[in-house]
Every structure is written in structure tokens, then in C-alpha cells.
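Working notes, beginning with the structure itself.
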Amino acid sequence: MALRNIRKYGDSVLRKKCREVEKIDERLVTLIKDMLETMYDADGVGLAAPQVGILKRLFIVDIGDGPLVFINPEILDTDGKQVDEEGCLSLPGKTEPVMRPNYVKARALNEKGEEFEIEAEELLARAILHEYDHLNGTLFIDRTTKK
Numbered sequence: 001m002a003l004r005n006i007r008k009y010g011d012s013v014l015r016k017k018c019r020e021v022e023k024i025d026e027r028l029v030t031l032i033k034d035m036l037e038t039m040y041d042a043d044g045v046g047l048a049a050p051q052v053g054i055l056k057r058l059f060i061v062d063i064g065d066g067p068l069v070f071i072n073p074e075i076l077d078t079d080g081k082q083v084d085e086e087g088c089l090s091l092p093g094k095t096e097p098v099m100r101p102n103y104v105k106a107r108a109l110n111e112k113g114e115e116f117e118i119e120a121e122e123l124l125a126r127a128i129l130h131e132y133d134h135l136n137g138t139l140f141i142d143r144t145t146k147k
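The sequence shown runs 1 to 147 under full-length UniProt numbering.
Have a look at this one:
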């Protein structure tokens, strides 16, 4: 495993739409392990592939209950509203209030290629939606409620 360089705000890769992962192979598993190590080293709760310069539809989250890997994720449903401060490893030191759904239902593949669905609320829902945004070139500052 190796630490990856986290791309910072202003890097054009953060504004690009990511491509589907076509196969889960040894290279992808290594990328996932590197992303986990990088996220934990930076004290983050989520990291998306474009944040390490890879334009693939892949992100990881861990809000303290163990890591979750999302490959080719889809958002199936959202509900409710919550406003809370968000930060991002690509915008170090910056936080802004962001309104997000309080509930999300998502489908993805895990690192073994197994499809799963997850229903999440509050912080986990926020983390999933924040990382999902990265796959479409959207940053939390695009969604801030602060004027």
C-alpha cells in the first residue's frame, strides 16, 4: 500500500465526470487499499478516486464503523433535509454549511464485485452523497447554503 497525493482545489481533475469501472482487478484493489491508507492518514471520512487523480466511479467512506467501498454507485432514493458543516480533503481547512438529504439509498459494487444496497441516514448519508458528487465533478462548495 502507498499514500496517494490528494488533489487540491483548482486541479482540473476535480471538475471532471468520472468513467465507469469496467473490471475489478488487482490494480483496482491496490488503488482501493491506497485510497483507504491515504484517507486514514489524512483523518478523512471519505475519499473519491478523482481526489487521487483517477477518473473512475469509485469512492470509499468510513464514519467510524469500518470502511465501505462503492464502485459504480447509483443513488436510488433520497429523503428529508439536513444542514451541517462539510469539509473536504481537497479543500483543506475550509468548511461551509451544506444542505443534503437526511436519508439516502444507494446501490454499488464492493471490492469483490458483489452488488449491494445500503440505506443510510445523517452523517453516513452526507458522506455518501458528498463522495458521489466528486464522481460528477461537483464539490461541496458548489452546494453551500452560505451566501
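Where is the CB? At the ideal position from N, CA and C, for every residue including glycine. Bear in mind the structure is a predicted one, so any value in this text is a computation, not a measurement.
| query | result |
| --- | --- |
| Can you tell me which residues form a DSSP beta bridge with residue 104? | 78 and 120 |
| Let's test the definition: count the other Cβ atoms within 10 Å of the Cβ of residue 46 and tell me whether it reaches 16, buried, or not, exposed. | buried |
| DSSP beta-bridge partners for residue 19? | 56 |
| Tell me residue 144's beta-bridge partners as DSSP assigns them. | 98 |
| How would you call residue 35, buried or exposed, if buried means at least 16 neighbouring beta carbons within 10 angstroms? | buried |
| With which residues is residue 48 paired in a DSSP beta bridge? | 59 |
| Around the Cβ of residue 19, are there at least 16 other Cβ atoms within 10 angstroms (buried) or fewer (exposed)? | exposed |
| Using the rule of at least 16 other Cβ atoms within 10 Å of the residue's Cβ for burial, across every protein chain shown, is residue 50 buried or exposed? | buried |
| Nearest to residue 83 by CA position, among 98, 52 and 61, is which residue? | 98 |
| Assuming contact is defined by CB atoms lying nearer than 7 Å, are residue 21 and residue 71 in contact in what I supplied? | yes |
| What distance in whole Å lies between the Cβ atoms of residue 106 and residue 76, which are believed to be in contact at a cut-off of 8 Å? | 6 Å |
| Please check the pair residue 100 and residue 129, which I expect to be a contact at CB under 8 Å, by giving their CB distance rounded to whole angstroms. | 5 Å |
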